[in-house]
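Trainee: Quick note, the sequences are listed as chains A and B, same order.
Be aware that the first sequence starts at 1, since it is given in this note's numbering, and climbs by one per residue.
Be aware that the second sequence starts at 189, since it is given in this note's numbering, and climbs by one per residue.
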Amino acid sequence: MKKRAATEELTDDELLRMSKGGDEEGFLALYRRHQGAIFRFALHMSGQREIAEEVTQEVFMTLLAEPRKYIAERGGFEAYLIGVARNKVRRQFRQSREMATPIRTHPEVHAGLLETLAREQENKALQAAILSLPPNYREVVVLCDLENMEYAEAAQKLGCALGTVRSRLHRARAILGAKLRKSERCTA
Amino acid sequence: MIPPNKLRDELQAELRDRLRRLAATSPQSAGPEIEDRLLEMFRTRHARKQRLVRGLAALAACLVLALGVYWFSLQAPRQSARRVAPEIPPSGAAEFIALPYAQSEVPLEHAVVVRVNIPPAQARALGVPFDPGARSRISADLLIGQDGMARAVRFVP
Chain A
1 MKKRAATEEL TDDELLRMSK GGDEEGFLAL YRRHQGAIFR FALHMSGQRE IAEEVTQEVF
61 MTLLAEPRKY IAERGGFEAY LIGVARNKVR RQFRQSREMA TPIRTHPEVH AGLLETLARE
121 QENKALQAAI LSLPPNYREV VVLCDLENME YAEAAQKLGC ALGTVRSRLH RARAILGAKL
181 RKSERCTA
Chain B
189 MIPPNKLRDE LQAELRDRLR RLAATSPQSA GPEIEDRLLE MFRTRHARKQ RLVRGLAALA
249 ACLVLALGVY WFSLQAPRQS ARRVAPEIPP SGAAEFIALP YAQSEVPLEH AVVVRVNIPP
309 AQARALGVPF DPGARSRISA DLLIGQDGMA RAVRFVP
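(1) For the beta strand (DSSP E) holding B/Ala338, just list the boundary residues, first then last.
(2) In or out: A/Ala6 buried (at least 16 other Cβ within 10 Å) or exposed?
(3) Can you tell which of A/Leu64, A/Ile38, A/Glu120, A/Glu78 has its C-alpha closest to the C-alpha of A/Gln156?
(4) When the Cα atoms are used, what is the spatial distance from B/Val344 to B/Leu296?
(5) Does the beta-carbon of A/Gly21 have 16 or more other beta-carbons within 10 angstroms, so that it is buried, or is it exposed?
(6) Would you list the residues sitting across from A/Gly177 in a DSSP beta bridge?
(7) May I ask you to report which of helix, strand or coil DSSP gives A/Ala118?
(8) Any beta-carbon of chain A closer than 7 angstroms to the one on B/Arg239?
(9) Determine, for B/Arg236, whether the minimum Cβ-Cβ distance to residues of chain C falls below 7 angstroms.
(10) May I ask you to list the residues that DSSP assigns as paired with B/Ser327?
(11) Taking only beta-carbon atoms, is B/Ala201 less than 7 angstroms away from chain A?
(12) Distance cutoff 7 angstroms, beta carbons only. Does B/Leu244 sit that close to anything in chain A?
(13) Check B/Gly333 in the structure and name its three-state DSSP category.
(14) B/Ile285 bridges to which residues according to DSSP?
(15) With a threshold of 6 angstroms on Cβ separation, who are the neighbours of A/Leu169 within its own chain once the five nearest residues in sequence on each side are excluded?
(16) Taking buried to mean at least 16 other C-beta atoms within 10 Å of its own C-beta, is A/Gly159 buried or exposed?
(17) Against chain B, does A/Asp145 count as a neighbour if the rule is that its beta carbon must be under 7 angstroms from one of theirs?
(18) I want to know whether the segment 62-81 of chain A touches the segment 15-33 of chain A - three or more CB-CB distances under 8 angstroms.
(19) Please compile the residues from chain B whose C-beta is within a distance smaller than 8 angstroms of the C-beta of A/Leu169.
(20) Determine the DSSP secondary structure at A/Val59, reduced to helix, strand or coil.
(21) Please report the straight-line C-alpha distance between A/Phe93 and B/Lys194, rounded to a whole angstrom.
(22) Is the shortest distance between the beta-carbon of A/Phe60 and the beta-carbons of chain B less than 7 angstroms?
(23) Taking C-beta to C-beta, are B/Gly333 and B/Ala299 nearer than 7 angstroms?
(24) Label A/Gln121 either buried or exposed according to how many other C-beta atoms from any shown protein chain fall within 10 Å of its C-beta, with 16 as the threshold for buried.
(25) Determine, using beta carbons only, whether B/Arg312 and B/Asp329 come nearer to each other than 7 angstroms.
(26) Take A/Glu53 as the anchor and find which of B/Ala248, B/Val341, B/Ala218 has the nearest alpha-carbon.
(27) Is the beta carbon of A/Leu55 less than 7 angstroms from the beta carbon of A/Lys88?
(28) When you compare only the Cα positions, how much space is there between B/Pro278 and B/Asn305?
So this is what it looks like as C-alpha cells:
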C-alpha cells in the first residue's frame, strides 16, 4: 500500500524505468494512470467496448514487448500511448467494418423513465453521428470534446499542427450538427 | 426571427452539452480482467527474461571455466619442461674417453683440460669415426696429466 502510494508520485519515465527492470508496481502504476484515457479513446473511436478493451490491452502489451520504442524527447508518454492506440484502432477498422454499434451508456438512475429514454436516444444518435465521421475528424472530437483536452495537447498527441486540429474540429462539429438536425427531423 | 449566427452558436452549445453528457455517461475504464491479464503477461515475460539472464550467466561462467582449464593445461607442460630441463645432461658434457696409447705408470695426480680443434682425420686416428663432410674441425677437450701427456679426450658437439 505504501509502495503504491509512492509509485503514484513518480513520473511516467521513472515508472517506465521500473517496469523495464521487472518492477510489477511500476508497470501497474503506469497502467492505472493511463488505461482510462486509452480505453475511452478506443471506445469512442470504435463504438464497441470489446474493441476498446482489446486495444487497451494491446497498447500495454506493446509497451511490455517494446518499451524502447517510447522516446521521451519526441513527446509525452500518454501521447505515445494514444499514438499506439490510434494505429491499433485503425487496424481494427481495416479488419472489420462493423464499428457503428452505439456504445451502451449508463444513464442517471434518478432521472425519470421518459427522460432516461430520451437521453439514451440522444446519446445513441450522437454516437452514431460520431462514428460516421472520418477517422481524422473523429479523433479530434474524441480528444477535444469528449476528453476535454486542450487543442495544443491534442495536436501533440495526434502529431499534427494546432491549426489542423482547429480546422478539423470546426468541420467535425459542423458535420455532427447537421447530422443530428437531420436525425431529429427524421424522428419528428 | 433568430439571427443565423445566434442559431449556430446555440446549436454548437447544445452539441457541446450533448457531447459532455455522452462523455460522462460512457464507460470510463477497461474491466479489471484486462489488468489481471496484463499483470500475468508481465510476470511471464519477466520470469522468462530472468531465466534467460541466469542461463546466459551460467553459460558465461562455464565458458570462463573451460578457458581457464584449457589455459592451465597449456601452461603445465611448459612449467614441467622448465623444471625438468636442468636435469637433462648437456649434450656437450660427454665423458672423457681414455686414450689407449697414453696409459702411463704415473698415476694421474694433477690434470688440466685444454680445448683444442682437431681435424676430422686426426679424430679418425684416435679411433673415433667422424663424418669428414660434417664439420671442418672438431672441438675436443684434452685431459693432460702432470707429466704433460694427454690421457683422455672428450668431444664437444
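Built from N, CA and C at the ideal position, the CB exists for glycine as well.
Just so you know, these numbers come straight off a predicted model, no measurement behind them.
Mentor: Let me spell this out:
(1) Per DSSP, the unbroken beta strand (DSSP E) holding B/Ala338 starts and ends at 338-344.
(2) exposed
(3) A/Glu78
(4) Each residue's alpha carbon lies about 23 angstroms from the other.
(5) With fewer than 16 other beta carbons inside 10 angstroms of its own, A/Gly21 counts as exposed.
(6) Answer is none; A/Gly177 lacks a bridge partner.
(7) In this structure, A/Ala118 counts as helix in the three-state DSSP scheme.
(8) no
(9) Checking the listed chains, one finds no chain C in this structure; the protein chains it contains are A and B.
(10) B/Asn305, B/Val344
(11) no
(12) no
(13) strand
(14) B/Val341
(15) Val140, Cys144
(16) With fewer than 16 other Cβ atoms from the protein chains shown falling within 10 Å of its own Cβ, A/Gly159 counts as exposed.
(17) yes
(18) yes
(19) Ordered by position in chain B, no residue passes the 8 angstroms Cβ test against A/Leu169, which lies about 11 angstroms from the chain.
(20) helix
(21) When only Cα atoms are considered, A/Phe93 and B/Lys194 end up about 38 angstroms apart.
(22) yes
(23) Yes, they are a contact pair.
(24) exposed
(25) no
(26) B/Ala218
(27) The sequence shown places Val at residue 55 of chain A, not Leu. Their beta carbons are under 7 angstroms apart, which means A/Val55 touches A/Lys88 by this criterion.
(28) For B/Pro278, the predicted model reports a pLDDT of 47, less than 50, meaning its position is unreliable; a value from the coordinates is still stated below. Roughly 20 angstroms separates the two Cα atoms.
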